[in-house]
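Okay, so the sequence shown: first residue is 4 according to my numbering, each after it adds one.
C-beta: ideal position from N, C-alpha, C; glycine also.
First up is the structure itself, then whatever we jot down about it.
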Amino acid sequence: MEKLTLPADAIDNRVLMHSCCAPCAGDIMERMKESDIDLTIFFYNPNIHPKKEYEIRKNENKRFAEKLDITFIDVDYDVQNWFSRAKGLEWEPERGERCTKCFDMRFERTALYAFENGFHTITSSLGISRWKNMEQINDCGIRAAQNYQGVSYWTFNWRKQGGASRMYEIAKKENFYKQEYCGCIFSLRDTNSWRVSRGRDEIKIGEEFYQESKIDPSLTVANSKSLV
Ligand code: SF4
């Protein structure tokens with residue numbers, strides 16, 4: 004695996020990475036660790052709905068951070084603020100304006116934390132997913148960092164150097180929880196509609212894992228009819 008090189012203008016080797024989930028962050032976390040980058044994970048994702056899904060995603064990421072001895076910052080689940088930002092954008096498609104606001108919100112908080120805690124380089128695991136628009140993510144990250152002197156957003160393309168395939172290998176090896184929609188209530192609604200239109204069942208929160216099926220009967224079943 005090729006070692007990562009920080010941007011030429013990086014002041015030190017500390018990086019604060021906004022992480023969306025363990026499957027997206029796994030490869031990046033391993034690569035940073037092996038490249039002697041002093042990584043801290045910043046988990047701020049109030050977009051994720053319902054809370055049970057949020058807790059599962061967060062705990063998977065935390066578990067892997069503990070395994071690699073990486074500091075994990077667990078931030079608020081201020082879901083009402085997220086809904087305020089998304090207001091009027093409920094029917095936007097993925098990669099549209101609602102997603103820009105969603106990234107902005109998460110990166111603004113990341114950049115603020117970086118500024119207040121002496122980090123100069125921030126980045127995000129979001130861009131590794133082929134379902135995301137990397138340009139949109141980078142624009143949001145750069146915009147957030149620009150508000151704070153001494154903070155820069157690292158626009159590295161995590162899909163390169165094998166990252167896109169290794170993220171799935173690690174997810175399987177670590178038996179990560181496999182989320183089946185982007186995260187918010189609207190993406191859950193739209194993914195369920197798409198599945199139902201193809202004769203598939205709606206998403207069952209907490210059931211799919213990359214390696215083997217682990218069913219916890221206490222977990223709820225998502226029902227899109229109750230979400231709209
Ligand atoms: S689809 Fe994903 S990125 Fe877009 S608003 Fe919902 S959670 Fe955020």
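Enumerate in chain order the residues of its own chain whose CB-to-CB distance from residue i is below 7 Å, with the five nearest sequence positions on each side excluded.
| i | result |
| --- | --- |
| tyrosine 47 | His21, Val78, Arg109, Arg112, Thr113 |
| tyrosine 184 | Ser190, Leu191, Thr194, Ile206 |
| lysine 163 | none |
Determine the contact status of residue i and residue j, defining contact as a CB-CB distance below 7 Å.
| i | j | result |
| --- | --- | --- |
| aspartate 30 | methionine 170 | yes |
| isoleucine 236 | isoleucine 14 | Within the shown structure, residues of the chain are numbered from 4 to 231, placing residue 236 beyond reach of any answer. |
| leucine 19 | alanine 148 | no |
| asparagine 62 | tryptophan 85 | no |
| tyrosine 156 | isoleucine 125 | yes |
| threonine 158 | asparagine 141 | yes |
| alanine 174 | tyrosine 213 | yes |
| arginine 60 | cysteine 102 | no |
| isoleucine 208 | histidine 52 | no |
| alanine 28 | serine 128 | yes |
Which of the three DSSP states, helix, strand or coil, is assigned to residue i?
| i | result |
| --- | --- |
| aspartate 15 | coil |
| serine 196 | helix |
| methionine 20 | strand |
| phenylalanine 179 | coil |
| threonine 103 | helix |
| tyrosine 156 | strand |
| serine 127 | strand |
| threonine 43 | strand |
| threonine 74 | strand |
| glutamine 212 | It should be noted that the sequence gives phenylalanine, not glutamine, for residue 212. If DSSP states are grouped into helix, strand and coil, phenylalanine 212 belongs with the strands. |
| serine 132 | coil |
| serine 190 | helix |
| glycine 166 | helix |
| aspartate 79 | coil |
| lysine 6 | coil |
Suppose you measure from the CA of residue i to the CA of residue j; what does that come to, to the nearest Å?
| i | j | result |
| --- | --- | --- |
| asparagine 120 | tyrosine 180 | 31 Å |
| lysine 135 | glycine 186 | 13 Å |
| glutamate 93 | cysteine 143 | 20 Å |
| glutamate 215 | phenylalanine 67 | Because the pLDDT of glutamate 215 is 48, which lies under 50, any placement of that residue in the model is unreliable, and the number read from its coordinates should be weighed accordingly. Cα to Cα, glutamate 215 sits roughly 17 Å from phenylalanine 67. |
| isoleucine 206 | glutamate 56 | 11 Å |
| proline 26 | glutamate 211 | 13 Å |
| alanine 11 | asparagine 160 | 16 Å |
| asparagine 150 | arginine 203 | 45 Å |
| glutamate 69 | glutamate 33 | 12 Å |
| methionine 35 | lysine 104 | 28 Å |
| glutamate 172 | glycine 165 | 11 Å |
| arginine 133 | glutamate 95 | 19 Å |
| arginine 88 | glutamate 58 | 22 Å |
| aspartate 107 | methionine 4 | 32 Å |
Using C-beta distances below 6 Å, list every residue in its chain close to residue i, excluding the 5 sequence neighbours before and after it, in chain order.
| i | result |
| --- | --- |
| asparagine 16 | Ile40, Asp41 |
| isoleucine 76 | Phe45 |
| aspartate 65 | Rather than aspartate, the amino acid found at residue 65 in this sequence is lysine. Phe75. |
| proline 220 | With a pLDDT of 41 at proline 220, under the threshold of 50, the predicted position of this residue should be treated as unreliable, though the coordinate-derived value follows. Answer for proline 220: no residue qualifies. |
For a cutoff of 7 Å on Cβ pairs, would you count residue i as touching chain E?
| i | result |
| --- | --- |
| serine 168 | No chain E is part of this structure, which consists of one protein chain only. |
Less than 8 Å between C-beta atoms, sequence neighbours within five positions excluded: which residues of the same chain meet that for residue i?
| i | result |
| --- | --- |
| serine 38 | Lys6, Leu7, Thr8 |
| histidine 123 | Ala13, Ile14, Asp15, Arg17, Ala117, Gly153, Val154, Ser155 |
Which residues end up in the neighbourhood of the ligand SF4 when you take C-beta atoms closer than 5 Å to any of its heavy atoms?
Working through the chain, the matches are Asn50, Glu97, Arg101, Cys102, Cys105, Cys185, Gly186, Cys187, Ser190.
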